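Data block below; observations after.
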Amino acid sequence: MVMEVMIEEIEMEKLIEIKDLTKIFSIRTLFFKTKFAAVEKVSFYIKPAEIFTLAGESGCGKTTTAKIILGFEEQSEGEIFFEKKPISLWKRKRIQFLQKVQAVFQNPFESFNPLRTVDDIFFETVYNYRIAKDRNRVTELIDDRLKAVGLSFQEIYGRYPGELSGGQLQRASIARALITNPTLLVTDEPVSMVDASLRMSIVNLFAQLRDRMKLSILYITHDLATAYYLSNRIAIMFRGNIVEMGPLEEVLGKPKHPYTQLLRDSIPEADPRKKWKGEIAIFDSEYEEYLRQGCKFAKRCPVVMEKCKKEIPQEFLVNGVLVRCHQYGE
Amino acid sequence: MTILPENFENERTLSPMFSSFMKEFKLNQLFRKCSIRKEKGIPVGRFIKNYLVPRFVQYILVTFLGLSTAFFLPRFLPMDPIKQQLSQYQAFGVYIPPEQLEEIMGTLKQLYGLEGTLFEQYINFWKRLFKGEFGPSLARYPTPVIQVIAQSLPWTVGLLILTTVLSWIVAVIAGGIAGYYRGRWMEILDGIVMVVRPIPYYIMSLLCLILFAYLFPIFPLSGGIGVGRELSLSWETMKSIVLHGTLPALTLLIVGIAWQFQSMKLIIQGVRSEDYVWYMKAAGVKEQRIVFRYVIRNAMLPMITQLGLQFGTIFSGALVTEMVFAYPGVGWILYDAVMRGDYNLIMGIMCISVVAVTTSIFLLDLIYPLFDPRVRYR
Amino acid sequence: MRKSKSLFRDLTKDSRFTIAFVILLVLVSLAILSCFSPYHPQRMYQVPRGRPPSWTHPLGTNWLGQDVFWQLTFAVKNSLLIAIVASSISRVIAILVGMGAGYRGGVIDRILMTAGDTTMVLPILVVLILVSTILREWARYLTNLGLLLAFFSWAWDARVIRSQILSLREREFTFVAVLSGMRTIKLVLKQYLPHVLPVILSTLINNMSWAIGMEITLAYLGLGIDPTVPTIGTMLQTAIYRQALFLRLWWWLLTPIITGIFLFIALYWLSVVVSEYLDPRTRFQRIGIR
Numbered sequence: 001m002v003m004e005v006m007i008e009e010i011e012m013e014k015l016i017e018i019k020d021l022t023k024i025f026s027i028r029t030l031f032f033k034t035k036f037a038a039v040e041k042v043s044f045y046i047k048p049a050e051i052f053t054l055a056g057e058s059g060c061g062k063t064t065t066a067k068i069i070l071g072f073e074e075q076s077e078g079e080i081f082f083e084k085k086p087i088s089l090w091k092r093k094r095i096q097f098l099q100k101v102q103a104v105f106q107n108p109f110e111s112f113n114p115l116r117t118v119d120d121i122f123f124e125t126v127y128n129y130r131i132a133k134d135r136n137r138v139t140e141l142i143d144d145r146l147k148a149v150g151l152s153f154q155e156i157y158g159r160y161p162g163e164l165s166g167g168q169l170q171r172a173s174i175a176r177a178l179i180t181n182p183t184l185l186v187t188d189e190p191v192s193m194v195d196a197s198l199r200m201s202i203v204n205l206f207a208q209l210r211d212r213m214k215l216s217i218l219y220i221t222h223d224l225a226t227a228y229y230l231s232n233r234i235a236i237m238f239r240g241n242i243v244e245m246g247p248l249e250e251v252l253g254k255p256k257h258p259y260t261q262l263l264r265d266s267i268p269e270a271d272p273r274k275k276w277k278g279e280i281a282i283f284d285s286e287y288e289e290y291l292r293q294g295c296k297f298a299k300r301c302p303v304v305m306e307k308c309k310k311e312i313p314q315e316f317l318v319n320g321v322l323v324r325c326h327q328y329g330e
Numbered sequence: 331m332t333i334l335p336e337n338f339e340n341e342r343t344l345s346p347m348f349s350s351f352m353k354e355f356k357l358n359q360l361f362r363k364c365s366i367r368k369e370k371g372i373p374v375g376r377f378i379k380n381y382l383v384p385r386f387v388q389y390i391l392v393t394f395l396g397l398s399t400a401f402f403l404p405r406f407l408p409m410d411p412i413k414q415q416l417s418q419y420q421a422f423g424v425y426i427p428p429e430q431l432e433e434i435m436g437t438l439k440q441l442y443g444l445e446g447t448l449f450e451q452y453i454n455f456w457k458r459l460f461k462g463e464f465g466p467s468l469a470r471y472p473t474p475v476i477q478v479i480a481q482s483l484p485w486t487v488g489l490l491i492l493t494t495v496l497s498w499i500v501a502v503i504a505g506g507i508a509g510y511y512r513g514r515w516m517e518i519l520d521g522i523v524m525v526v527r528p529i530p531y532y533i534m535s536l537l538c539l540i541l542f543a544y545l546f547p548i549f550p551l552s553g554g555i556g557v558g559r560e561l562s563l564s565w566e567t568m569k570s571i572v573l574h575g576t577l578p579a580l581t582l583l584i585v586g587i588a589w590q591f592q593s594m595k596l597i598i599q600g601v602r603s604e605d606y607v608w609y610m611k612a613a614g615v616k617e618q619r620i621v622f623r624y625v626i627r628n629a630m631l632p633m634i635t636q637l638g639l640q641f642g643t644i645f646s647g648a649l650v651t652e653m654v655f656a657y658p659g660v661g662w663i664l665y666d667a668v669m670r671g672d673y674n675l676i677m678g679i680m681c682i683s684v685v686a687v688t689t690s691i692f693l694l695d696l697i698y699p700l701f702d703p704r705v706r707y708r
Numbered sequence: 709m710r711k712s713k714s715l716f717r718d719l720t721k722d723s724r725f726t727i728a729f730v731i732l733l734v735l736v737s738l739a740i741l742s743c744f745s746p747y748h749p750q751r752m753y754q755v756p757r758g759r760p761p762s763w764t765h766p767l768g769t770n771w772l773g774q775d776v777f778w779q780l781t782f783a784v785k786n787s788l789l790i791a792i793v794a795s796s797i798s799r800v801i802a803i804l805v806g807m808g809a810g811y812r813g814g815v816i817d818r819i820l821m822t823a824g825d826t827t828m829v830l831p832i833l834v835v836l837i838l839v840s841t842i843l844r845e846w847a848r849y850l851t852n853l854g855l856l857l858a859f860f861s862w863a864w865d866a867r868v869i870r871s872q873i874l875s876l877r878e879r880e881f882t883f884v885a886v887l888s889g890m891r892t893i894k895l896v897l898k899q900y901l902p903h904v905l906p907v908i909l910s911t912l913i914n915n916m917s918w919a920i921g922m923e924i925t926l927a928y929l930g931l932g933i934d935p936t937v938p939t940i941g942t943m944l945q946t947a948i949y950r951q952a953l954f955l956r957l958w959w960w961l962l963t964p965i966i967t968g969i970f971l972f973i974a975l976y977w978l979s980v981v982v983s984e985y986l987d988p989r990t991r992f993q994r995i996g997i998r
């Protein structure tokens, strides 16, 4: 009874829900096709005013998921519901969708057109979303957002991306994304190309946005440290599958999937007494790992069973955490 | 290729269109035999499918389009060649009674291939094309066009092949060295090329003509062989051919080398700054070896592609050169045809040129994998 | 304004640019000078014929009784006009096609590229001859010749632009621009055009050079424009046709040849300097020199 009520509550609150998302890429020449699934049966949801982390190593499908959510790629299978409505409905109202869902990308230097000034894209955003018309109003608005990230209009105006530092540019990116007052911010490794001191201030900014402005953030990263600091819930991805997902404390504190355990163990601790031990597995090429039949982690798994090589494991609920591993099958 | 684990399943699937085609012609068995060779060396079957066939299709397509353009172009232009011809006759003050006019128009229509509806004309066009029939040459009536072209084609082809291959080789080597090393000699060469390159074929051939045939009459002024000589394999004839052909060949060589030298130098400069060159230097490989075995070899690939793209231009350039020197190749025939209003011959030359250029490009595509191993293994 | 001044100063550091620029300046002033010509360009026998260069006739007179110098001014003007018409039209086509094909992709892309490839592969000379023969009347006008030439030269540039657009399309600022609510056409024009313009500039110059070359060749065949209209091509053709060589009127023959050569060299050097300036690799070399 309690479970049902809980489920209902969660249902009502979902800002964005992704069900069984699959994206198959085919490398096609005139006569042949090689297919592999970059994203396979990925399901998760994000609540309002929540930071949800999608973590995993490079090339595991996180960015592809983000692109599909934003509408830059088409999914092969699966559904996405934003504010309870399917994304096909939102496709027709693209401007409205993009007003509510914005993004920040990894490379601050690439996010801006090197041949145009930085403020150009700010003005574009304001005009295209019809937020303000009067030039003074517009400048005020932009300045307001920039101040929220620690910059000012004077610093940005008339400057080209090459004249600003990475930190300033990344903060400007975030400010631009906030202009439309979105409810969901998709951030793809926002702090990985920023230096350590700035990293913390941006991370703090995200926390503030969540608490004060009720903004939800899809935080994609490979850096577990910031994820630990920031997120409410976290999902771990490996080669296109979500292998473990749940509340932060449970997943990172008591990891159940062998991969999460591996990740947790590989975070270096600045303690000379704790040394790195154990075997180092030599990995096969990513590509052929993607094409495996059974569990994709089988070759690296310390507790692999025969079953693992043949069947893809289902998702099992253990202590409020979803795990995709045969261990928890029975 | 990585060593695959046992449970790796090959997810290659044939696209549905091709797989049914294969089954139709029982080609799947043939293909299976070809793919056995995969383990040994070049996967022939895959290579043929992935590389050859698309190129071939493109070749046929572009040739088809080009020839169709040759067909449609005159028909969509507002001028009627028959009326033009007739008005030319009448301009001489000739009076033609109406019945004879009809007859003449009928004959002209046939000559020009303008009978029937557009569709019928199109079909006829292709029928005659396959037979190699372009009708009679209007200026050298009744010699068939195809014969006229056949007589002149060997001159052009010989000139072209010789100069293209030679200029390419020289340019690749010279450009390679010039692009890689610095120094006085290179800068002088560069300067010369800078002045020579922009000069179009026509002007260059004029210059050569004036310089070497007029001011310093070393070479004969025109023709392919001395006047009145018969084609034979005697030493005299050979000498005459070479003598007459030197100037056109020289023109083509100079222009060709200048163009390709410049491109090669640019490419080499690009290749030179690649990481693997630094790496080899650090590894102590001898500079000369680096230049020849690695840098030049890698730069040859885009050079070959460029060569293919330039075929149209080179061909046209050769035609112009022939015109200036009255060298009895296709170019000179074309000039003559233009001067005498020989419509059929012009059409014939156009069709032959289209086929010649596209075929050369296709042949080049066939040779390319010999140079670029990446294409073989795709 | 400041930027263009420093740009100019930068370019003049390369001696090739200064020489080319000076040559072009001279030629353009010649073209402008044609407006003040005391003689009508197409009429013949206006002055005593066959005179060598002298004070009254700086480049002598030809056998048709025309002053060679003033003929030259018209020739330069007309040739440049043809070149500009041909290359600008073909750039515009190339931009439209390249951007459309690059951003849209799919079927449109394939069709456009195949059409372009076909124009590249056809031996230009032969087709031009064919068209000029049939359209003798129409091809007599300068602008129409320019159009014809433009038809054959858009293809390569369209490919270059298309490949640039294809790579720009994958860059992150494109995604950001889409997120900023930009529509496709506006995006392509505002965001991509600045990237594409430099290449276009350099190929424009090359194209002009090619156009003049083609015009000269066509004039030699007696096709193309009305032979009495002076261009570099027609001057050359008339000189040869009227046996300038054998009449020993070498100034008549050499003037168009040398002017042509200077024009070609100037245009070529200009294009080389521009493309080297824009090439990011050589930028480093220049920074080192500075």
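Read top to bottom, the protein sequences are chains A, B and C. Counting along the first sequence from 1, when you hit position 252 you're at 252 in our numbering, and nothing is skipped either side. The number in our numbering is simply the position in the second sequence, starting from 1, with 330 added. The number in our numbering is simply the position in the third sequence, starting from 1, with 708 added. Don't be surprised by glycine CBs; every beta carbon is placed ideally from N, CA and C. Bear in mind that the values here come from a model prediction, so they are computed numbers and not experimental data.
Measuring CA to CA, which of C:788, C:763, C:907, C:761 is closest to residue 738 (chain C)?
Position 30 of the third sequence, counted from the start, is the residue given in the question as residue 738 (chain C). Nearest C-alpha to residue 738 (chain C): C:788.
Who does residue 86 (chain A) pair with in a DSSP beta bridge?
Here residue 86 (chain A) refers to the residue found at position 86 when the first sequence is read from its first residue. Answer by DSSP bridge pairing, in chain order: A:81.
Could you give the residue range of the beta strand (DSSP E) that holds residue 610 (chain B)?
What you label residue 610 (chain B) is simply residue 280 of the second sequence in a count that begins at 1. Per DSSP, residue 610 (chain B) belongs to no beta strand (DSSP E); it is in the alpha helix (DSSP H), 605-613.
Determine the extent of the alpha helix (DSSP H) in which residue 261 (chain A) is found, giving its start and end residues.
Counting from 1 along the first sequence, the entry for residue 261 (chain A) is found at position 261. 258-266 is the span of the alpha helix (DSSP H), which, as asked, contains residue 261 (chain A).
On a CA-only basis, which of A:65, A:24, A:139, A:61 is nearest residue 17 (chain A)? Give me that one, please.
Numbered from 1 along the first sequence, position 17 holds the residue referred to as residue 17 (chain A). Among A:65, A:24, A:139, A:61, the Cα nearest to that of residue 17 (chain A) is on A:65.
Taking C-beta pairs closer than 7 Å, name the residues in chain C that residue 115 (chain A) reaches, listed in chain order.
Here residue 115 (chain A) is taken as the residue at index 115 of the first sequence, counted from 1. Chain C residues near residue 115 (chain A): 902, 903.
Using a Cβ cut-off of 9 Å (strictly closer), state whether residue 938 (chain C) contacts chain B.
What you label residue 938 (chain C) is simply residue 230 of the third sequence in a count that begins at 1. No, because no Cβ of chain B sits closer than 9 Å to the Cβ of residue 938 (chain C).
In chain C, which residues lie less than 8 Å from residue 170 (chain A) when you measure between Cβ atoms?
Residue 170 (chain A) sits at position 170 when you count from the first residue of the first sequence. What residue 170 (chain A) touches in chain C: nothing, since even the nearest Cβ is about 12 Å away.
I'd like the list of long-range same chain contacts for residue 695 (chain B), defined as Cβ closer than 6 Å, with 5 residues on each side in sequence excluded.
Working through the second sequence from its first residue, we reach residue 695 (chain B) at position 365. Taken in chain order, the residues that qualify are 385.
For residue 42 (chain A), collect the residues of the same chain with a Cβ closer than 8 Å to its Cβ; drop the 5 residues on either side in sequence, then sort them by chain order.
Stepping through the first sequence from its first residue, residue 42 (chain A) is reached at position 42. Result list for residue 42 (chain A): 18, 20, 21, 22, 61, 65, 78, 237, 240, 241, 242, in chain order.
Would you decide whether residue 785 (chain C) is buried or exposed? Buried here means 16 or more other CB atoms lie within 10 Å of its CB.
By one-based count along the third sequence, residue 785 (chain C) stands at place 77. With 16 or more Cβ atoms within 10 Å of its Cβ, residue 785 (chain C) is classed as buried.
Contacting residues, own chain, Cβ-Cβ under 8 Å from residue 661 (chain B) (five flanking each side not counted):
Stepping through the second sequence from its first residue, residue 661 (chain B) is reached at position 331. 486, 648, 649, 650, 651, 652, 653, listed in sequence order.
Using a Cβ-Cβ cutoff of less than 7 Å, which residues in the same chain neighbour residue 687 (chain B) once the five nearest sequence positions on both sides are dropped?
Against the second sequence, residue 687 (chain B) aligns to sequence position 357. If we look at residue 687 (chain B) and ignore the five residues flanking it on each side, its Cβ neighbours are 641, 642, 645.
For residue 137 (chain A), would you say it is in contact with chain C, using Cβ-to-Cβ distances shorter than 9 Å as the test?
The count along the first sequence starts at 1 and reaches residue 137 (chain A) at position 137. Taking Cβ atoms only, chain C never reaches closer than 9 Å to residue 137 (chain A), which makes this a no.
Host beta strand (DSSP E) of residue 216 (chain A) (start-end)
The residue you call residue 216 (chain A) lines up with position 216 of the first sequence. Element bounds for residue 216 (chain A): 216-221.
Going by DSSP in three states, residue 680 (chain B) sits in which element: helix, strand or coil?
The residue you call residue 680 (chain B) lines up with position 350 of the second sequence. Helix, per DSSP.
Starting from residue 313 (chain A) and walking both ways along the beta strand (DSSP E), at which residues does that stretch end?
Translated into the one-based positions of the first sequence, residue 313 (chain A) becomes position 313. It is not in any beta strand (DSSP E) - residue 313 (chain A) carries neither H nor E in the DSSP assignment.
List the residues of chain C whose Cβ lies closer than 7 Å to the Cβ of residue 102 (chain A), in chain order.
Locating residue 102 (chain A) in the first sequence gives position 102, counting from the first residue. Those within 7 Å of residue 102 (chain A) in chain C are 887.
If you run the structure through DSSP and keep just helix, strand and coil, what is residue 355 (chain B)?
The residue given as residue 355 (chain B) occupies position 25 in the second sequence. With a pLDDT of 46 at residue 355 (chain B), under the threshold of 50, the modelled position of that residue is not reliable, and no figure is offered here.
Which residue spans inside the stretch 820-895 of chain C form an unbroken alpha helix (DSSP H) run of at least 4?
832-842, 850-877, 880-887, 892-895
Taking the DSSP output, what are the residues bridged to residue 466 (chain B)?
As a working mapping, residue 466 (chain B) is identified with position 136 in the second sequence. B:474, per the DSSP bridge assignment.
8 Å Cβ shell around residue 967 (chain C) - same chain, five flanking residues per side excluded
Stepping through the third sequence from its first residue, residue 967 (chain C) is reached at position 259. Within the same chain, residue 967 (chain C) has close Cβ partners 735, 780, 783, 784, 940.
So with CB distances below 8 Å, who are the chain D contacts of residue 646 (chain B)?
This model lacks chain D altogether; the protein chains it does include are A, B and C.
By the three-class DSSP mapping on this structure, what secondary structure does residue 728 (chain C) have?
Looking up residue 728 (chain C) in the third sequence gives position 20. Of the three classes helix, strand and coil, the one that applies to residue 728 (chain C) here is helix, per DSSP.
Beta-carbon proximity list for residue 752 (chain C), same chain, < 7 Å, skipping 5 on both sides:
The residue labelled residue 752 (chain C) in the question sits at position 44 within the third sequence. Taken in chain order, the residues that qualify are 772, 773, 774.
Name, please, each residue of chain C whose Cβ falls closer than 8 Å to the Cβ of residue 184 (chain A).
Residue mapping note: residue 184 (chain A) aligns to position 184 of the first sequence, counting from 1. What residue 184 (chain A) touches in chain C: nothing, since even the nearest Cβ is about 12 Å away.
Specify whether the stretch 956-970 of chain C and the stretch 504-518 of chain B touch according to this definition: at least 3 beta carbon pairs, one from each stretch, less than 8 Å apart.
no
Buried versus exposed, by CB contacts within 10 Å (16 or more), residue 604 (chain B)
Numbered from 1 along the second sequence, position 274 holds the residue referred to as residue 604 (chain B). Residue 604 (chain B) is exposed by the Cβ-count criterion.
Taking Cβ-Cβ distances below 7 Å as the criterion, which residues of the stretch 947-974 of chain C are in contact with chain B?
953, 965, 968, 969, 972, 973
Could you give the DSSP three-state label for residue 30 (chain A): helix, strand or coil?
By 1-based counting over the first sequence, the position of residue 30 (chain A) is 30. Here the model assigns residue 30 (chain A) a pLDDT of 45, short of 50, so the residue's position is not dependable and the matter cannot be decided.
Taking the straight line between their C-alpha atoms, what separation do you get for residue 233 (chain A) and residue 224 (chain A)?
Taking the first residue of the first sequence as position 1, residue 233 (chain A) is located at position 233. Taking the first residue of the first sequence as position 1, residue 224 (chain A) is located at position 224. Straight-line Cα distance between these residues: approximately 12 Å.
Excluding five sequence neighbours on each side, which residues of the same chain lie with their C-beta closer than 6 Å to the C-beta of residue 746 (chain B)?
Chain B is shown from 331 up to 708; residue 746 (chain B) falls before or after that span and cannot be answered.
Whose Cβ in chain C lies nearer than 9 Å to the Cβ of residue 606 (chain B)?
Start at 1 with the first residue of the second sequence, and residue 606 (chain B) comes out as number 276. Within chain C, no residue comes near residue 606 (chain B); the closest Cβ sits about 16 Å away, beyond 9 Å.
Secondary structure at residue 193 (chain A), three-state DSSP: helix, strand or coil?
Translated into the one-based positions of the first sequence, residue 193 (chain A) becomes position 193. Coil.
Contacts around residue 521 (chain B), its chain only, beta-carbon distance under 7 Å, and the 5 residues preceding and following it disregarded:
Here residue 521 (chain B) refers to the residue found at position 191 when the second sequence is read from its first residue. Excluding positions up to five away in sequence, the list is empty.
Taking the beta strand (DSSP E) that residue 102 (chain A) falls in, what are its first and last residues?
Walking along the first sequence from the start, residue 102 (chain A) turns up at place 102. Note, residue 102 (chain A): beta strand (DSSP E), 101-104.
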